[in-house]
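Everything on this sheet refers to the single structure shown next.
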Amino acid sequence: MHISEGIDAEDIAVIVKGLGYETHLIESTLQQGGIPFVRRSSRSLLDN
Numbered sequence: 320m321h322i323s324e325g326i327d328a329e330d331i332a333v334i335v336k337g338l339g340y341e342t343h344l345i346e347s348t349l350q351q352g353g354i355p356f357v358r359r360s361s362r363s364l365l366d367n
């Protein structure tokens, strides 16, 4: 998928911080839209 000139969707990352309920809503929306995502803990994000 090509989003904009010179930017591919595979090159975009979005970091979401929220409470369990908010995060669950976002994950459900991504799943329903067929958008792949990876769920990681905030600790593992900080370690990288």
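So the numbering used here is basically just the index in the sequence shown, starting at one, shifted up by 319. Glycine is no exception: its CB is placed at the ideal position from the N, C-alpha and C atoms.
Element boundaries [alpha helix (DSSP H), containing Glu346]: Note, Glu346: alpha helix (DSSP H), 339-351.
Contact set for Ile326: own chain, Cβ-Cβ below 6 Å, skip 5 residues either direction: Nothing meets the Cβ criterion.
Supposed contact pair Phe356 and Glu346 - C-beta distance, whole angstroms, cut 8 Å: 7 Å
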